[in-house]
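Written below as structure tokens is the structure these notes are about.
This is how it looks when you write it as structure tokens:
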């Protein structure tokens, strides 16, 4: 582990600077959300945060969550973020499995479990494979 969180500008040209000096800590994972750095601390058993514009040891970290054990990883997200894309499978167009393709023309494809296959007349529905019933004349 390290006893500090350090930062540099996105272009990497600015001097590396210490954002916060940690004492009696073992920082592990790091996340950024809004204008804050968040990190999990194994020794303090907490998630801490400091403003991104902090520098040096004059800043006191804020404890966001006190844990009971080691936090292996953190992911920061905001429920204020609206995604421009929607999941085409969210309307449940398929009878069994739906796979988003990321394609505009064909945004999803349907799939079936073993023993059934897509109905040729309705490609969103599965039907029992003729091979699954008494071998159905299949090799």
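Residue numbers (this note's numbering): 1 to 139. All residues carry an ideal CB built from backbone N, CA and C; glycine is no exception.
Classification of residue i by the beta-carbon crowding that lies within 10 angstroms, buried from 16 upward
i          : result
residue 50 : buried
residue 61 : buried
Euclidean distance between Cα positions of residue i and residue j
i           : j           : result
residue 44  : residue 64  : 12 Å
residue 13  : residue 112 : 52 Å
residue 74  : residue 40  : 7 Å
residue 96  : residue 77  : 30 Å
residue 118 : residue 128 : 9 Å
residue 31  : residue 38  : 5 Å
residue 24  : residue 42  : 10 Å
residue 5   : residue 69  : 21 Å
residue 47  : residue 35  : 16 Å
residue 115 : residue 125 : 14 Å
Supposed contact pair residue j and residue i - C-beta distance, whole angstroms, cut 8 Å
i         : j          : result
residue 3 : residue 17 : Rounded, the Cβ-Cβ distance is 15 Å, inconsistent with contact.
residue 7 : residue 19 : 5 Å
| For the 8 Å Cβ check, are there 3 or more pairs between the segment 106-115 and the segment 85-96? | Yes: the two stretches touch, three or more of their Cβ pairs being nearer than 8 Å.
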